[in-house]
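Contents: one structure, followed by commentary.
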Amino acid sequence: MTVNFAHTALLKELDEYVNLTAKQQPHWEDKTELERVKKQLASQPPLVFAGEADSLRRQLADVAAGKAFLLQGGDCAETFAGATADKIRDRVKTVLQMALVLTYGGLLPVVKVGRMAGQFAKPRSSDVETRCGVTLPAFRGELVNGFEFTERARRADPERLLQGYNVAASTLNLIRAFTQGGFADLRKVHTWNQGFAENPANGRYRELAAEIDRAVRFMDACGAGNSEMSRTDFFVGHEALLLDYERPLTRVDSISGKIYDTSAHFLWIGERTRDLDGAHVDYLSKVANPIGVKLGPTTTVDDALALIDKLDPERIPGRLTFITRMGAGKIRDLLPPLLGALQDAEVTPVWVTDPMHGNGITTATGYKTRRFDDVMDEVQGFFEAHREVGTVPGGVHVELTGDDVTECLGGAAKIDEATLATRYESVCDPRLNHMQSLELAFLVAEQLRQEQF
Ligand code: PEP
Ligand code: CO
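If you read the sequence shown in my numbering, its first letter stands for residue 321, the second for the next number, and so on.
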């Protein structure tokens, strides 16, 4: 075996993160087992290629420049059992349907990134959970432990890292097949959207849907190449939270000699782990994938500038995405000064709104939920803030599913508190269901249209 000394040196530098504080990591009891699993994971093939991550970065550079729009969506927490063909298909379908509407609204290519094939680890506000006087470790996502409230399920099990890898691999395989094998055909996607617009509850979107209908038929009649109509890029991303999963899947690319985290095309750092001196920021500063950082309401201008210096010192277009999640009531006050300061500093990250995580509420009956109106209000506030400052509103990042769940309140189907219990299936945060997701896409399309005038 040949040892490449340059690669060894790079990986040694990468491993400096182990000396820093890594928040939100599980307590693995069996360290020997953990090391065995990590070794096994390190010998598995990469899930994505460096060239694909580079392609996404170039597309994100277009987003930063206002020449494309980013749609990121999927579960809050994927589950292993939820990785069935039907469920994956319906989530992909939802994202494709939304993307078509957004493409028409913005007259821009839509870059599609699923919160899929690796979104298995969750940060928690408390290390433990207490129910009826019993205290157990909190559920940290299926990459770590089980959701069931038993001592056995809640134990952090390293074997899950391998299971997660395998589920991610089969999920990604199906996504690739769906989006390259004809399922993503615009003519078909469009027919699904017509079904949505024909529903009386969605009457207000009928006109826009009819316009899209003409546009798709026009393209078809003009003989737009079959491959352009029937295939699409579909990238995947997740929160790079669990470093014991990310590290074994991080490799040196033999062509460029650069380090890539091959667990996904896009990795982001969560609101709770974005400390400048923490392990997560240090780790992702050394991988060449396009990366994101969630920015909550406490973010200062200095925080944002320091994150840029650390994560994107060379100011590579498309390298860094800021995903803001301020809350509907705060975004109009908090976002414009941040945008203005970064504009003055002549830095242009991709700006994306996550209208979900700043708008959580808990009902009297104990359901974690969000109001669809708050979600939409934050999206609208995002566009207003960018219009005010003259920066580019680059995209939306949402938690959604293709299923007809009842987890978020409102929307055209008017889900109310009493209805929440009927199909609440999320093991973490509430997601927009299929209809609510499409509704959001139509509303965002209306915003994007205004951008053009
Ligand atoms: C999430 O995206 O599921 C999440 C936990 O978000 P945040 O880091 O913004 O709280
Ligand atoms: Co979430």
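We treat Cβ as the ideally placed atom computed from N, Cα and C, and that holds for glycine.
Given the structure is predicted, the values throughout are model-derived calculations rather than measurements.
Heavy atom of the ligand CO within 7 Å of residue i beta-carbon
i: His347; result: no
heavy atom of the ligand PEP below 7 Å from residue i C-beta
i: Cys429; result: The amino acid at residue 429 is misidentified as Cys; the sequence shows Pro. No, the ligand PEP has no heavy atom inside 7 Å of this Cβ.
i: Pro478; result: no
i: Pro366; result: no
i: Asp447; result: no
i: Glu591; result: yes
i: Asp674; result: yes
i: Pro443; result: yes
Pair within 8 Å by beta-carbon distance, residue i and residue j
i: Thr644; j: Leu615; result: yes
i: Gly598; j: Ala342; result: yes
i: Ala733; j: Ala521; result: yes
i: Leu720; j: Ser746; result: no
i: Ala441; j: Glu449; result: no
i: Val412; j: Ile495; result: yes
i: Ala504; j: Pro346; result: no
i: Gly638; j: Val667; result: no
i: Cys396; j: Arg751; result: yes
i: Ile589; j: His600; result: yes
i: Glu362; j: Ile575; result: Checking the sequence shown, residue 362 turns out to be Ala, not Glu. The answer is no: Cβ separation not under 8 Å.
i: Ser490; j: Ala560; result: no
i: Gln767; j: Phe692; result: no
Cα-Cα separation between residue i and residue j, rounded to whole angstroms
i: Val725; j: Val509; result: 21 Å
i: Pro317; j: Ala388; result: There is simply no residue 317 to check, as the chain begins at 321 and stops at 773 in what is shown.
i: Ala279; j: Val357; result: The structure shown does not extend to residue 279, since the chain is modelled only from 321 to 773, so the question has no answer here.
i: Asp447; j: Leu463; result: 16 Å
i: Thr582; j: Arg551; result: 23 Å
i: Asn546; j: Gly714; result: 28 Å
i: Thr689; j: Leu330; result: 44 Å
i: Gln663; j: Ala626; result: 15 Å
i: Val338; j: Phe762; result: 45 Å
i: Leu587; j: Thr511; result: 33 Å
i: Gln379; j: Phe555; result: 11 Å
i: Lys606; j: Thr570; result: 10 Å
i: Pro861; j: Arg537; result: No information on residue 861 is available, as it lies outside the stretch 321 to 773 that the chain covers here.
i: Met676; j: Lys650; result: 13 Å
i: Val699; j: Phe642; result: 15 Å
i: Thr673; j: Gly394; result: 15 Å
i: Gln500; j: Ala684; result: 45 Å
i: Ala473; j: Glu727; result: 24 Å
i: Leu640; j: Asp653; result: 23 Å
i: Ala381; j: Glu591; result: 23 Å
i: Leu367; j: Ala584; result: 7 Å
In DSSP terms, what residue i is bridged to
i: Gly453; result: Answer is none; Gly453 lacks a bridge partner.
i: Thr620; result: None, per the DSSP bridge assignment.
i: Phe642; result: Val613 and Trp671
i: Asp581; result: Thr570
i: Ile589; result: Val613
i: Val430; result: Phe389
i: Val556; result: Gly434
Quick check on the contact list: which residues have their beta carbon closer than 5 Å to a heavy atom of the ligand CO? Cys396 and Asp749
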